[in-house]
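In the working numbering, the protein residues as written are 276 to 389. Each residue gets a CB set at the ideal place from its N, CA and C atoms; glycine is no exception. In what follows, a structure is listed as structure tokens, so that the remarks can point back to it.
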């Protein structure tokens, strides 16, 4: 998994993530409103929506309207991979470092060469 962001100085920062703690640490160090997360060849756009109560581990939530259909506390990266594979959706919510992010799949359109 890899995470990218561009901070106020216009520098792009990226890191390969091997543990859930590294994801949390990256977001803490490079504080901005949006990130891109590449997970198994799928890119997700993370947009900071607001604050949430502090928790020991991040949590991912699948909502329908204002109702949480599924949620999972993430203690390992495999938890995130599992949740995304078992509950396919275009949009999730990720609670991490007392922040709530909307996590949307990025659709990449590739034009075939003519």
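Alpha helix (DSSP H) segment containing residue i, residue limits
{"i": "residue 303", "result": "295-304"}
{"i": "residue 361", "result": "352-361"}
Cβ-based neighbour list, residue i, same chain, cut-off 6 Å, excluding 5 preceding and 5 following
{"i": "residue 323", "result": "308, 374, 376"}
Same chain only: Cβ atoms within 8 Å of residue i, ignoring 5 sequence neighbours per side
{"i": "residue 343", "result": "336, 337"}
{"i": "residue 277", "result": "289, 290, 291, 292, 312, 313"}
{"i": "residue 327", "result": "370, 373, 374, 375"}
Bridge-paired residues (DSSP) for residue i
{"i": "residue 336", "result": "346, 368"}
{"i": "residue 379", "result": "320, 366"}
Contact belief for residue i with residue j at Cβ below 8 Å, rounded distance in angstroms
{"i": "residue 302", "j": "residue 311", "result": "Residue 302 to residue 311, Cβ: 12 Å. No contact."}
{"i": "residue 333", "j": "residue 299", "result": "6 Å"}
{"i": "residue 314", "j": "residue 359", "result": "7 Å"}
{"i": "residue 294", "j": "residue 352", "result": "6 Å"}
{"i": "residue 345", "j": "residue 356", "result": "Actually they are not in contact, since the Cβ atoms of residue 345 and residue 356 sit about 15 Å apart, beyond 8 Å."}
Close-in-space but distant-in-sequence residues of the same chain around residue i (CB under 7 Å, 5 per side omitted)
{"i": "residue 354", "result": "347"}
{"i": "residue 320", "result": "309, 311, 379, 381"}
Three-state class that DSSP yields for residue i in the structure shown
{"i": "residue 277", "result": "strand"}
{"i": "residue 316", "result": "coil"}
{"i": "residue 389", "result": "The predicted model places residue 389 with a pLDDT of 49, which falls under 50 and marks its position as unreliable; any figure quoted below should be read in that light. The answer is coil: DSSP assigns residue 389 none of H, G, I, E or B."}
{"i": "residue 309", "result": "strand"}
{"i": "residue 282", "result": "coil"}
Extent of the continuous beta strand (DSSP E) run through residue i
{"i": "residue 291", "result": "287-291"}
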